[in-house]
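Undergrad:
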Amino acid sequence: MRMAVPHIVQYQGSKRILAPQILRYMPKRFNRMVEPFAGSAAMTIAAALESRAGAYLVNDLNGPLVRLLETVVSSPGEFLRDYAAVWEGQFSFPGGHLAHFYKIRDDFNAGDDRPANMFYLLARCVKGSVRYGKNGNFNQSPDKRRHGTSPSKLERNVKCVSALLKGSTKFSAVDYREVFDRTVSGDVVYMDPPYQGVSDARDCRYLSGVAFNEFAESLETLNRRGVDYLISYDGECGGREYGRDLPPELGCRKVMLKAGLSSQALLLGRKSVTYEALYVSKGLASAIPAVEAENAAQKSNFFPEGVSW
Ligand SMILES: C[S@@+](CC[C@H](N)C(=O)[O-])C[C@H]1O[C@@H](n2cnc3c(N)ncnc32)[C@H](O)[C@@H]1O
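So in our numbering, the last spot in the sequence shown is 1086, and the numbers never skip.
Put into structure tokens, the structure is as follows:
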């Protein structure tokens, strides 16, 4: 049975659930996995769990988030101790646990952006959704019903992620184009960028928007360097579709992955399945028929002919 992908950070848009499906389109074994828009690094963790690559590069423009991931991997014990002190503080804080969240948020925005504070904000904020205001301050509100992951619950995942990535993973917090410049043939780059509908100035869900045209042009760099890549592209935000396909000149193939039931449709009493696009670079596309045959075979194993559900 497949082991559940361990995770540390709750992060809106995390690919943890979809990771096993996405991994099928990567080679069984390759030199290095590069994640320029890593977020919670769910894909890197999932790939490491299957020992897919010899090395990993985790990058995100959000510096405090990357420092959090790096500390979890390099010093799990120290991280857990620091986080326990911050988390426990909410139960004795004058004014209560919500006032404590705002105090940590103020400290974070004033420069105390150490991993334990970053983690506490992520663990306690609404939907794990990172929001920064125009002034660059973290401005997401606390989820009033929750106290955030308890340190004892977190311990197992933190230790597991550290054991998976320690010694084989490098971290950086630079723009994705700088990461592209550091890639070499033999790398597989997995990208989950914030772009189109979800990244304009009115939506502060991400630190910085990524312009569609600029992104599409930068992909040419990878093609020229002979680097293989995969791009997740949900193209859907708040029930609306933002469907600009990537330019055909890039030579990618687009496959649709079943992402699960739409939570919005469920609220309206309907059961509709949402799909997410995955662009597969030219070099990896030849494996698609085999992956699809394997998917179909697995489905028929689960649901033999004549059995419906
Ligand atoms: C959709 S999220 C990635 C989620 C991730 N796949 C996961 O499983 O958690 C996109 C990420 O891109 C980062 N980002 C935004 N602009 C960037 C840029 N120019 N270069 C690198 N990262 C960027 C954001 O901080 C955000 O974490």
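The C-beta atom is built at its ideal place from N, Cα and C for all residues, glycine as well.
(1) Determine the direct distance from the alpha carbon of residue 834 to that of residue 949, and round the result to whole angstroms.
(2) Measure how close the beta-carbons of residue 840 and residue 809 come, nearest whole angstrom, since I'm counting them as under 8 Å.
(3) Taking 8 Å as the cut-off, is the CB of residue 1006 close to at least one heavy atom of ligand 1?
(4) Do you know whose CA, among 941, 868, 961 and 945, lies nearest residue 924's CA?
(5) Using DSSP with H/G/I as helix, E/B as strand and the rest coil, what is residue 756?
(6) Indicate whether residue 926 and residue 900 have their beta-carbon atoms separated by less than 9 Å.
(7) If I measure Cβ to Cβ from residue 936 and keep anything under 7 Å in the same chain, skipping five residues before and after, which residues do I get?
(8) Would you mind reading off the limits of the beta strand (DSSP E) that contains residue 1090?
(9) Bridge partners for residue 812 per DSSP, in chain order?
(10) For a quick check, are the C-beta atoms of residue 939 and residue 799 less than 9 Å apart?
(11) Inspect the CB distances between the segment 845–862 and the segment 941–960 and report whether three or more fall short of 8 Å.
(12) Start and end of the alpha helix (DSSP H) containing residue 948?
(13) Taking residue 999 as part of the alpha helix (DSSP H), name the residues at either end of that continuous run.
(14) Under DSSP, the alpha helix (DSSP H) around residue 897 begins and ends at which residues?
(15) From this set, 815, 824 and 898, which residue's C-alpha is nearest residue 838's C-alpha?
(16) Taking residue 915 as the reference, give the member of 880, 941 and 942 with the closest Cα.
(17) Tell me which same chain residues have a C-beta within less than 6 Å of the C-beta of residue 859, skipping the five on either side of it?
(18) Could you tell me if residue 961 is buried or exposed, where buried requires 16 or more neighbouring beta carbons within 10 angstroms of its beta carbon?
(19) How long is the line joining the alpha carbons of residue 1031 and residue 883, rounded to whole angstroms?
(20) Residue 912: buried (16+ other C-beta within 10 angstroms of its C-beta) or exposed?
(21) Answer yes or no: do residue 825 and residue 941 have a C-beta to C-beta separation smaller than 9 Å?
(22) With distances taken between CB atoms, is the gap from residue 821 to residue 827 smaller than 9 Å?
(23) Among the residues of its own chain, which have a CB less than 7 Å from the CB of residue 979, if the five just before and after it don't count?
(24) Using alpha carbons as the reference points, say which of 1051, 873 and 1022 lies closest to residue 1035.
(25) Return the chain-ordered list of same chain residues with a C-beta closer than 6 Å to the C-beta of residue 1027, the five sequence neighbours on each side being excluded.
(26) Where does residue 1033 fall in DSSP's three states?
(27) Put residue 830 into one of helix, strand or coil per three-state DSSP.
(28) Using 8 Å for Cβ pairs, my map puts residue 902 next to residue 920. What's the rounded Cβ distance?
(29) With DSSP as the reference, please indicate the residues paired to residue 853 in a beta bridge.
(30) Note down, in chain order, each residue of its chain lying with its Cβ closer than 6 Å to the Cβ of residue 895, except the 5 sequence neighbours on either side.
(31) Run the proximity test for residue 959: is its beta-carbon closer than 8 Å to any non-hydrogen atom belonging to ligand 1?
TA: Straight from the coordinates:
(1) In this structure, the CA atom of residue 949 is about 8 Å from the CA atom of residue 834.
(2) Taking 8 Å as the upper bound for CB-CB distance, residue 840 and residue 809 are not in contact here, some 22 Å apart.
(3) Incorrect: residue 1006 has no Cβ contact closer than 8 Å to ligand 1.
(4) Comparing Cα positions, the closest option is 868.
(5) Residue numbering for the chain in the displayed model covers 778 to 1086; residue 756 lies beyond these limits and cannot be assessed.
(6) Yes.
(7) Around residue 936: 853.
(8) Here the chain comprises residues numbered 778 to 1086, so residue 1090 is not present and cannot be evaluated.
(9) Residue 812 is bridged by DSSP to 835.
(10) A distance of 9 Å or more separates the beta carbons of residue 939 and residue 799.
(11) Segments in contact, yes.
(12) DSSP places residue 948 in no alpha helix (DSSP H) but in the uninterrupted beta strand (DSSP E) bounded by 946–949.
(13) For residue 999, the enclosing alpha helix (DSSP H) covers residues 989–1002.
(14) Here the alpha helix (DSSP H) through residue 897 covers 892–901.
(15) Measuring from the Cα of residue 838, the nearest candidate turns out to be 815.
(16) The option with the nearest alpha carbon to residue 915 is 880.
(17) Beyond the five residues adjoining it in sequence on each side, residue 859 comes within less than 6 Å, by CB distance, of 893 in the same chain, given in chain order.
(18) Exposed, by the Cβ-count rule.
(19) If I take the Cα positions, the gap works out to 43 Å.
(20) Exposed is the call here.
(21) Yes; because the gap between Cβ atoms is below 9 Å, this pair is in contact.
(22) Going by beta carbons, residue 821 and residue 827 fall outside the 9 Å limit.
(23) For residue 979, the predicted model reports a pLDDT of 49, less than 50, meaning its position is unreliable; a value from the coordinates is still stated below. There are no such residues.
(24) Closest by alpha carbon: 1051.
(25) Result list for residue 1027: 996, in chain order.
(26) Note: residue 1033 maps to strand in three-state DSSP.
(27) The three-state secondary structure of residue 830, taken from DSSP, is strand.
(28) In this structure residue 902 is in contact with residue 920, their Cβ atoms being roughly 7 Å apart against a cut-off of 8 Å.
(29) Under DSSP, no beta-bridge partner is assigned to residue 853.
(30) Result list for residue 895: 841 and 845, in chain order.
(31) Residue 959 Cβ: outside cutoff for every heavy atom of ligand 1.
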